[in-house]
Ligand SMILES: *[C@@H]1O[C@H](CO)[C@@H](O)[C@H](O)[C@H]1NC(C)=O
Ligand SMILES: *[C@@H]1O[C@H](CO)[C@@H](O)[C@H](O)[C@H]1NC(C)=O
Ligand SMILES: *[C@@H]1O[C@H](CO)[C@@H](O)[C@H](O)[C@H]1NC(C)=O
Ligand SMILES: *[C@@H]1O[C@H](CO)[C@@H](O)[C@H](O)[C@H]1NC(C)=O
Ligand SMILES: *[C@@H]1O[C@H](CO)[C@@H](O)[C@H](O)[C@H]1NC(C)=O
Ligand SMILES: *[C@@H]1O[C@H](CO)[C@@H](O)[C@H](O)[C@H]1NC(C)=O
Ligand SMILES: *[C@@H]1O[C@H](CO)[C@@H](O)[C@H](O)[C@H]1NC(C)=O
């Protein structure tokens, strides 16, 4: 009853449920982003007394997606009201400067950890204020890089990162694009920021290995989702997800900016072309509105998958900044997507956003993920106001380097750890998150005996 009256009251105030932006009026975009950012925090209580900062018990990686959207929101809008909340959560979950916090480390994947490192790297590149008491943003990205490089698995398929870390996880037997493309991206961004060859050498190595498998085709620029260690990584799970393209694309863009070689430019053009062809399709939004084409039309996106396109829009804009030749190809598509996303935020009389931007009206979905992706694309379109490339240590980026961050931390890195019942329950909870990606394996994942 109370809800009904509140809704009626709000509706009577008019315009309140519509979120429209005027592309020529940055303030209208900032106002819209303020609403979606506020809405995303409706699902976050980690800053409240007695709660755990940055904690998302059943979907830990999503904390990084929330914080990355708010880091970029601050950058593009200058609204700093959430900065302390972001710093607190980013530091609380940092583990030993490597985003392997012990509450989660026994059942996370390389991709989960990467997304937190990516948020930290982003913070470093835009001089997001450092926490008063905590790890520097750059060192957190280095910590993730260092701990993942230690897991490079030369014994299977000639290299590559496994998806997950332990034999009792289903993803232990797979190598996937987001894990390898994630580390590649991180290496490329660290290389450009620090100008340290170790990182660019690793970026090249991860790229070459990826191209030696069906994950990354360096002629057609197809990016597959995963390969199976059991058959020597020779066959692919070719589901098309935007973040797999996005992560190899942004890494290639940074490598091109750093090296200016034609090979990297060809990679940027090829991957960007496929990303646009696959995820900005004519039949969904006239070729200019981003859609996760594999799951949106059938309304089958799970909460991971909803987030992908938002994150990818932020990466595309960074690509446009480090490879300015691509700006005119990318920016109009971000604009149209932002307009459509804003129109999707007309739900529940409180600017609840939907999943399918191409419908240009609320599609009935509700969640933190929907608010995050709207904030991502609305912030990103403000890049036209702020065409400053991501910083480096020589262009004003002043986050402190710690090349040894994350080294020698055994929390979660030891394959010999005794698995407790709690760990197993955790593994089952988290693996459920990935059921849609590997639907056929779910029975095995939940019921299978840990192999340790
Ligand atoms: C908006 O309304 C929906 C549906 O009642 C609710 O789930 C959501 O938490 C609300 N969002 C905010 C920011 O209040
Ligand atoms: C937590 O953050 C939300 C969103 O900014 C804010 O409304 C709330 O007051 C904060 N809580 C505390 C205890 O600071
Ligand atoms: C881990 O869990 C404990 C107990 O709930 C909590 O006190 C602590 O803050 C958590 N740490 C992280 C990093 O979430
Ligand atoms: C493409 O990848 C293959 C397989 O790793 C490699 O032999 C070839 O040199 C690569 N081509 C280019 C242009 O990098
Ligand atoms: C590298 O990035 C800078 C900053 O945006 C830009 O001025 C420069 O043109 C880029 N280099 C290349 C090769 O695109
Ligand atoms: C880093 O640069 C920012 C401005 O971009 C400045 O506000 C901050 O004080 C600097 N930090 C240090 C430690 O120099
Ligand atoms: C470059 O990075 C590597 C790997 O982290 C590190 O061992 C080395 O000390 C770094 N070099 C400099 C000059 O920072």
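In mature numbering (1 follows the signal peptide of the UniProt record, and there is no 0), the protein residues as written are -18 to -1, 1 to 434.
Note that the Cβ used here is the ideal one computed from N, Cα and C, for glycine as well.
Please read these numbers as outputs of a predicted model, since none were measured by experiment.
Compute the minimum distance between the beta carbon of residue i and the heavy atoms of ligand 6, and state whether it is under 7 Å.
i: residue 220; result: no
i: residue 390; result: no
i: residue 384; result: no
When DSSP labels each residue in this structure, what does residue i get in the three-state scheme?
i: residue 334; result: strand
i: residue 52; result: helix
i: residue 401; result: Any reading at residue 401 must be qualified, since the residue scores a pLDDT of 33, below 50, and its modelled position is unreliable; the value itself is stated next. Three-state DSSP puts residue 401 in coil, outside helix and strand.
i: residue 349; result: coil
i: residue 45; result: helix
i: residue 219; result: strand
i: residue 329; result: strand
i: residue 407; result: Note that residue 407 has pLDDT 36, beneath the 50 cutoff, so the model's placement of it is unreliable and the number below is only indicative. Residue 407: helix per DSSP, three-state reduction.
i: residue 280; result: coil
i: residue 1; result: coil
i: residue 110; result: coil
i: residue 14; result: helix
i: residue 323; result: helix
i: residue 81; result: coil
i: residue 62; result: coil
i: residue 123; result: helix
i: residue 117; result: coil
i: residue 138; result: coil
i: residue 273; result: coil
i: residue 413; result: Confidence at residue 413 is low in this model, with a pLDDT of 38, below 50, so the placement of that residue should be treated as unreliable; the coordinate-derived value is given next. Correct three-state label for residue 413: helix.
i: residue 265; result: coil
i: residue 86; result: coil
State the start and end residues of the unbroken beta strand (DSSP E) segment that holds residue i.
i: residue 210; result: 208 to 210
i: residue 368; result: Looking at the DSSP string, residue 368 is not in any beta strand (DSSP E), and its letter there is neither H nor E.
May I ask which residues mark the beginning and end of the alpha helix (DSSP H) holding residue i?
i: residue 237; result: 224 to 241
i: residue 103; result: 92 to 107
i: residue 68; result: 65 to 74
i: residue 34; result: From DSSP, residue 34 is part of no alpha helix (DSSP H); its letter is neither H nor E.
i: residue 298; result: 285 to 304
i: residue 246; result: 244 to 261
Consider the C-beta atom of residue i and the heavy atoms of ligand 3; say whether any pair is separated by less than 7 Å.
i: residue 95; result: no
i: residue 354; result: no
i: residue 306; result: no
i: residue 464; result: Because the chain spans -18 through 434 in this model, residue 464 falls outside it and cannot be assessed.
i: residue 462; result: Only positions -18 to 434 of the chain appear in the structure, and residue 462 is not among them; the question remains open.
Once you ignore the five residues that flank residue i on each side, which residues in its own chain have a CB closer than 7 Å to its CB?
i: residue 123; result: 99, 102, 103, 106, 168 and 172
i: residue 35; result: 28, 29, 70, 71 and 74
i: residue 277; result: 283 and 287
i: residue 347; result: 336 and 337
i: residue 160; result: 93, 225, 226 and 229
i: residue -1; result: 328
i: residue 42; result: 86, 90 and 94
Which residues in the same chain as residue i place their Cβ atom closer than 6 Å to its Cβ, once the five residues preceding and following it in sequence are excluded?
i: residue 246; result: 234, 237 and 238
i: residue 288; result: 337 and 351
i: residue 141; result: 191
i: residue 125; result: 79, 80, 387 and 388
i: residue 97; result: 43 and 46
i: residue 219; result: 207 and 208
Any heavy atom of ligand 1 closer than 7 Å to the Cβ of residue i?
i: residue 24; result: yes
i: residue 332; result: yes
i: residue 20; result: yes
i: residue 370; result: no
What do you reckon, is the C-beta of residue i under 7 Å from a heavy atom of ligand 2?
i: residue 231; result: no
i: residue 55; result: no
i: residue 29; result: yes
Does ligand 4 have a heavy atom nearer than 7 Å to the CB of residue i?
i: residue 136; result: no
i: residue 245; result: yes
i: residue 193; result: yes
Take residue i and list the residues in its own chain whose beta-carbon comes closer than 8 Å to its own, dropping the five residues that flank it on each side.
i: residue 121; result: 79, 381, 382, 383, 384 and 387
i: residue 272; result: 224, 261, 262, 291, 294, 295, 315, 319, 339 and 359
i: residue 362; result: 54, 58, 295, 296, 298, 299, 316 and 320
i: residue 154; result: 144, 145, 146, 147 and 148
i: residue 257; result: 224, 227, 228, 231, 294 and 298
Kindly examine ligand 5 and report whether one of its heavy atoms sits closer than 7 Å to the Cβ of residue i.
i: residue 81; result: no
i: residue 199; result: no
i: residue 85; result: no
i: residue 109; result: no
Cβ of residue i within 7 Å of any heavy atom in ligand 7?
i: residue 380; result: no
i: residue 180; result: yes
Whole runs of the alpha helix (DSSP H) within the region 145 to 214, excluding any shorter than 4 residues: 159 to 176 and 179 to 193
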